[in-house]
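In the working numbering, the protein residues as written are 420 to 827.
Note that CB positions come from ideal geometry on N, CA and C, so glycine has one too.
Keep in mind that this is a model prediction, so the values were computed, not measured.
So the structure is just underneath, and the comments pick up after that.
As structure tokens, then:
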């Protein structure tokens, strides 16, 4: 274990020659993971600062609208049709084989597919937002809330849609093992959104302005990152209409639907527990389960944060047939993943109930058996994340598509 940590620390602090692909990959994974942890920390601090401020400013009803809209947008993550993940594999393979021209066509093709999706969402949002608002919020009491809900929903969908074409930026950074840069831009966007929210509150802006404040500067930060990536860093990859290739687009869509299915069944598996519990055990039992689920999610935090950096590294190594690096990295990742999860799970099994009692109150404390089973589940997840990262990155999707559909 100590030898693994020393090797990765040496890679993080040293420099890698441009031709030393293994060292560049390892360095990119470590730096990407560290900056992802930093980004999560900044996000947590911003959340702690903004939640009480926004609740106090908006009140319970209007704050509930904001959270519901955010949850709805999270469920729309499948609207890229799996193309973002498909692009990751396509770029990694193209760069691994030295096909830089093909990589440029993949970027251009994905970008314009995303633009079409963006346009579709914008048209749909304009058409259905006035009808969705009363469906989502049929019992609003405040006249102000009723007046603000449709503009807020429309603006949220607008900002969500405009971010979709910018998905190509992070994929370009990832294939060059520069996820750390993407994470730093993300941190900048989070901090910018914080100042925007504080400004809206200070100026007594309404809920639509708060939606703009919480996401608008993040969008501008993503635009600035894209301008840097395609304007200065890798201008040869800049999306061009002349670079759109129907065959490449078909390839992206052919693989993308598999990622779409995998993502959809994972969402069903992970997001429907509360509905099942409410249906068969009663709504009162949802609270202890949901709180326990949230607490134990910290056991696999490292795995989820390392995932975006490991994926393109595995893809490139697979294309270059660097199976030795893949084996070493997989073994190291599996050991670190299981040990870190085991430490967190063991701590939470022993102290989970008093922690939950202090954090969420007596009504949220689960039975000890729930604590134990949640710990076992997260140990399984810790190893599952490691294996699924390798399978996704190398394009071995058929088994996950079938098994995921069955378990859903």
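Rounded to the nearest angstrom, what separates residue i and residue j at their Cα positions?
i, j, result
"residue 601", "residue 800", "26 Å"
"residue 755", "residue 617", "39 Å"
"residue 643", "residue 650", "10 Å"
"residue 814", "residue 806", "12 Å"
"residue 696", "residue 706", "10 Å"
"residue 727", "residue 562", "44 Å"
"residue 514", "residue 527", "15 Å"
Could you check whether residue j and residue i sit closer than 9 Å to each other, using their CB atoms as the reference points?
i, j, result
"residue 502", "residue 671", "yes"
"residue 481", "residue 720", "no"
"residue 454", "residue 680", "no"
"residue 739", "residue 518", "no"
"residue 687", "residue 525", "no"
"residue 794", "residue 765", "yes"
"residue 710", "residue 779", "yes"
"residue 444", "residue 673", "no"
"residue 587", "residue 529", "yes"
"residue 523", "residue 662", "yes"
"residue 631", "residue 574", "yes"
"residue 498", "residue 606", "no"
By the DSSP assignment, the alpha helix (DSSP H) with residue i in it spans what residues?
i, result
"residue 654", "From DSSP, residue 654 is part of no alpha helix (DSSP H); its letter is neither H nor E."
"residue 631", "626-647"
"residue 607", "598-621"
"residue 802", "787-812"
"residue 754", "742-779"
"residue 442", "440-494"
"residue 582", "562-582"
"residue 587", "586-594"
"residue 716", "First-last for residue 716: undefined, no H or E at that position."
"residue 519", "519-555"
"residue 559", "Where residue 559 is concerned, there is no enclosing alpha helix (DSSP H), given that its DSSP letter is neither H nor E."
"residue 782", "No alpha helix (DSSP H) contains residue 782, which DSSP labels as neither H nor E."
"residue 390", "Residue coverage of the chain in this structure runs from 420 to 827, which leaves residue 390 outside it and unanswerable."
"residue 510", "502-515"
Rounded to the nearest angstrom, how far is the Cβ of residue i from that of residue j, given a contact under 8 Å?
i, j, result
"residue 511", "residue 734", "3 Å"
"residue 452", "residue 725", "4 Å"
"residue 653", "residue 591", "6 Å"
"residue 731", "residue 593", "4 Å"
"residue 568", "residue 484", "6 Å"
"residue 752", "residue 767", "About 22 Å separates the two Cβ atoms, so there is no contact after all."
"residue 660", "residue 531", "7 Å"
"residue 492", "residue 556", "Residue 492 to residue 556, Cβ: 15 Å. No contact."
Original post:
Should the stretch 550-566 be regarded as contacting the stretch 767-786, the criterion being three or more beta carbon pairs within less than 8 Å?
Top reply: no
Subject >> Cβ pair count under 8 Å reaching 3, the stretch 707-719 against the stretch 779-798 >> reply: As far as the Cβ criterion goes, the stretch 707-719 touches the stretch 779-798, which means the pair count is three or higher.
**OP:** Please determine if the stretch 637-644 and the stretch 462-471 are in contact, where contact requires at least 3 C-beta pairs separated by less than 8 Å.
**Re:** no
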